[in-house]
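> Residue numbers (full-length UniProt numbering): 1 to 200. By construction, the Cβ of each residue, glycine as well, lies at the ideal position given by its N, Cα and C atoms.
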């Protein structure tokens, strides 16, 4: 039944998209059964979309590529996830696909170059993905990396990020965020995570 409710809810959004080609802002929250095909159907009908926000909703890079092609006016994008702390048992796991994933942010960088605001709270991107974002989205004015604990912000990468007017770093407070961001275990920033060398 849970899956049917989600499908019905997104089906309603598809119908809404058909009637609302002038829509400029779209928010999708906790839609676990969202397929790439369904999302593509929606965004292709929203050429004037300027803001697209996804909360706890996983999408494949192919959907982001379609989003970039179909919504050339997109200025604000959110791809917020729920960070799951790595257990000691996971540290010896050879499969890093879940805990380190740059595919989606690289797709953002390649297909949505006009972004001014990007929120990636709880995302599993690494410095490689962040590098792609900085290279591919030169107009960024706001970047939210809270709870993106794979990002280190050291050296030149940190210096480039420091030039972004509204920068939120991985260990910055999530106070005021509308969803639960509890980690289950306390996580303290390493001594060199926030370096005075690159922060103003």
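Using DSSP with H/G/I as helix, E/B as strand and the rest coil, what is residue 151?
In this structure, residue 151 counts as coil in the three-state DSSP scheme.
> Considering only their Cβ atoms, is the gap separating residue 102 from residue 248 smaller than 9 angstroms?
Past the boundaries of the shown model lies residue 248; the chain is included only from 1 to 200, so the question cannot be answered.
> Just confirm the distance between the C-beta atoms of residue 77 and residue 108, as a whole number of angstroms; I'd bet it's less than 8 angstroms.
Residue 77 to residue 108, Cβ: 6 angstroms. Contact.
> How many Å lie between residue 65 and residue 104 at the Cα?
Spanning the two alpha carbons is a distance of roughly 9 angstroms.
> Classify residue 48 as buried or exposed, calling it buried when 16 or more other Cβ atoms lie within 10 Å of its own Cβ.
When all chains shown are included, residue 48 counts as exposed.
> Please say whether residue 134 and residue 165 have beta carbons closer to each other than 9 angstroms?
No, the pair does not count as a contact, with Cβ atoms beyond the cut-off.
> So is residue 73 buried or exposed if we call it buried at 16+ other beta carbons inside 10 Å?
Answer is exposed; the Cβ neighbour count stays below 16.
> Which of the three DSSP states, helix, strand or coil, is assigned to residue 182?
Three-state DSSP puts residue 182 in coil, outside helix and strand.
> Can you name, in chain order, every residue of its own chain whose Cβ lies under 8 angstroms from the Cβ of residue 111, other than the five neighbours on each side?
Answer for residue 111: 64, 65, 67, 68 and 69, listed in chain order.
> Within the same chain, show all residues whose beta-carbon is closer than 7 angstroms to that of residue 24, passing over the 5 residues directly before and after it, in chain order.
So the list reads 48, 49, 50 and 51, once near-sequence residues are dropped.
> Shortest alpha-carbon distance to residue 58 belongs to which of 82, 158, 42 and 44?
Among 82, 158, 42 and 44, the Cα nearest to that of residue 58 is on 82.
> If you draw a straight line from the alpha carbon of residue 37 to that of residue 61, how long is it in whole angstroms?
In a straight line, the C-alpha of residue 37 is about 12 angstroms away from that of residue 61.
> Could you check if residue 158 is buried or exposed, using at least 16 other CB atoms within 10 Å of its CB as the buried criterion?
It is buried - the Cβ of residue 158 has at least 16 other Cβ atoms within 10 Å.
> Given that a residue counts as buried once 16 or more other Cβ atoms are within 10 Å of its Cβ, and exposed if not, what is residue 123?
Label assigned to residue 123: buried.
> Since residue 163 and residue 144 should fall inside the 8 angstroms C-beta cutoff, what is the C-beta to C-beta distance between them, to a whole number of angstroms?
In fact, because the Cβ distance is near 16 angstroms, the residues do not count as touching under 8 angstroms.
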